[in-house]
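Working notes, beginning with the structure itself.
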Amino acid sequence: MAPSYPQHAVVTDINDQRSVMLKKIGNTAIRMHHRASCHCGAVILEIHLPDGVPSPHRCDCSFCKRKGAIVAAVAWADLKVIRGKSALSRYQFGKHVAEHYFCKNCGTYTHHRRSTNPEEFGFNIGCLEGVNPFDLNDVPVADGGVWNSL
């Protein structure tokens, strides 16, 4: 069964998850340059999202199952740490390709360099300013089994 998307989603092909762009999550409009932060505010990101949030999903790899975040990915150049680089801690596992970043102070997962495409960053949708990730229903789950070996 294909996931259902809210009315404000732009879906050009339901079978190609990369074509899904969310312009709004709950009551929050997604801005072209949307800010994201950790819980304590020590880390602030600016994410370039000119077309909305691309393809929100969960991952079922051994690490993401424990993390539980809903993520989306952007090109490396579209995510900038504008405050708190020194407050970030990095975690790697497996072949040490992916880099998962967390705030050293509050422990919030903010973003990661992807193992399947190191030129992209995944980001935690729950960190986006004004966004409640529980406003997303039927979030697709990516098969993370392949990532466990990367």
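Using this note's numbering, the first residue of the sequence shown is number 1180, and each one after it goes up by one. Where a beta carbon is used, it is the ideal one built from N, C-alpha and C, also for glycine.
Under 8 Å between C-beta atoms of residue i and residue j
i, j, result
"H1290", "G1305", "no"
Nearest neighbour of residue i, chosen from the options [CA to CA]
i, options, result
"S1265", "K1283, H1279 and V1250", "K1283"
"F1242", "Y1280, D1314, V1253 and C1217", "Y1280"
"P1229", "H1218, L1258, D1317 and T1287", "L1258"
"P1233", "S1294, V1318 and E1278", "V1318"
Beta-bridge partners of residue i, as assigned by DSSP
i, result
"E1308", "None; E1308 has no bridge partner."
"S1216", "I1223"
"A1321", "C1238"
Beta-carbon contacts of residue i that lie in its chain and below 6 Å, excluding the five residues immediately before and after
i, result
"P1312", "I1249, I1304 and G1305"
"Q1186", "Unreliable placement is indicated for Q1186, whose pLDDT of 49 sits below 50; no coordinate value is reported for it."
"T1287", "C1217 and H1218"
"A1221", "G1263, A1266, C1282 and N1284"
"V1320", "R1237 and D1239"
"G1231", "M1200, L1201, K1202 and I1209"
Residues near residue i in its chain [Cβ-Cβ closer than 8 Å; skip 5 each side]
i, result
"R1210", "L1228"
Own chain residues within Cβ distance below 7 Å of residue i, not counting five before or after
i, result
"H1213", "I1226, L1228, L1307 and E1308"
"W1255", "E1298, E1299 and F1300"
Answer yes if the segment 1262 to 1278 comes into contact with the segment 1204 to 1213, meaning at least three C-beta pairs across the two stretches below 8 Å, and no otherwise. no
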